[in-house]
Amino acid sequence: LNIIDESFCDISPDKSLIHLAKQNNVIILKGLGKFWGLAGLRLGFAIASPKLIETIISHVGPWSISGPAQFIGKAALSDNNWIHNTRIRLKKDSIRLDKLISSNNIKPIGGTDLFRLYKTTNAQKIQDKLAQNFIWSRVFPYSENWLRLGIPGDQSAWERLAKALEE
Numbered sequence: 132l133n134i135i136d137e138s139f140c141d142i143s144p145d146k147s148l149i150h151l152a153k154q155n156n157v158i159i160l161k162g163l164g165k166f167w168g169l170a171g172l173r174l175g176f177a178i179a180s181p182k183l184i185e186t187i188i189s190h191v192g193p194w195s196i197s198g199p200a201q202f203i204g205k206a207a208l209s210d211n212n213w214i215h216n217t218r219i220r221l222k223k224d225s226i227r228l229d230k231l232i233s234s235n236n237i238k239p240i241g242g243t244d245l246f247r248l249y250k251t252t253n254a255q256k257i258q259d260k261l262a263q264n265f266i267w268s269r270v271f272p273y274s275e276n277w278l279r280l281g282i283p284g285d286q287s288a289w290e291r292l293a294k295a296l297e298e
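Residue numbers (this note's numbering): 132 to 298.
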């Protein structure tokens, strides 16, 4: 059985392996926590062959997803304009973030349009400086030089980040 977590794939649907879900040994997992920003909703779903879906359903209770979560999830997944516009905005914003960070001698090394990964001489020092400005970032325990940042959500967050980097 192959279980593929596509939690981050909604930002780049061209990378999805959803076409493999027809096979009887593949389950694709999706969630509304990342791209849709609905982590608190705790809503996700599986895409698989009818045979596998029957097996999954037989192991899940009748109240596995609340009515409000179903309503919100359906609305989110049906809003094609929001999906399209958000993908475009996040693509532009990821480029903008890389430019802002690069101007501070921090090197972009990867990520997605939801978050970016950077190499620096001291990620912990930068994380501490950002935290003093209420900006959450992630340092990896296996690399003292890697720092991950999410895409700022609005203009005030962009301004706060720029100010924190100047200090």
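Ideal Cβ placement from N, Cα and C applies to all residues, glycine included.
In this structure, the straight-line span from the alpha carbon of Ile266 to that of Leu151 is close to 39 angstroms. Judged by their CB atoms, Arg279 and Arg291 are not nearer to each other than the 8 angstroms cut-off. For Leu151, the three-state secondary structure derived from DSSP is helix.
Per DSSP, the continuous alpha helix (DSSP H) segment holding Lys182 begins and ends at 181-190.
The beta carbons of Ser225 and Ile282 sit closer together than 8 angstroms. Here the segment 145-160 makes contact with the segment 176-189; the two share three or more CB pairs at distances below 8 angstroms. Distance from the CA of Gly204 to the CA of Ile188, rounded to the nearest whole angstrom, comes to 19 angstroms. A buried status is given to Asp244, since no fewer than 16 other beta-carbon atoms sit within 10 Å of its beta-carbon. With contacts defined as CB atoms closer than 8 angstroms, Arg247 and Asp229 qualify as a contacting pair. DSSP, reduced to helix, strand and coil, places Pro193 outside both helices and strands of the structure shown, so it counts as coil.
Distance between Tyr273 and Ala254, taken at the CA atoms: about 12 angstroms.
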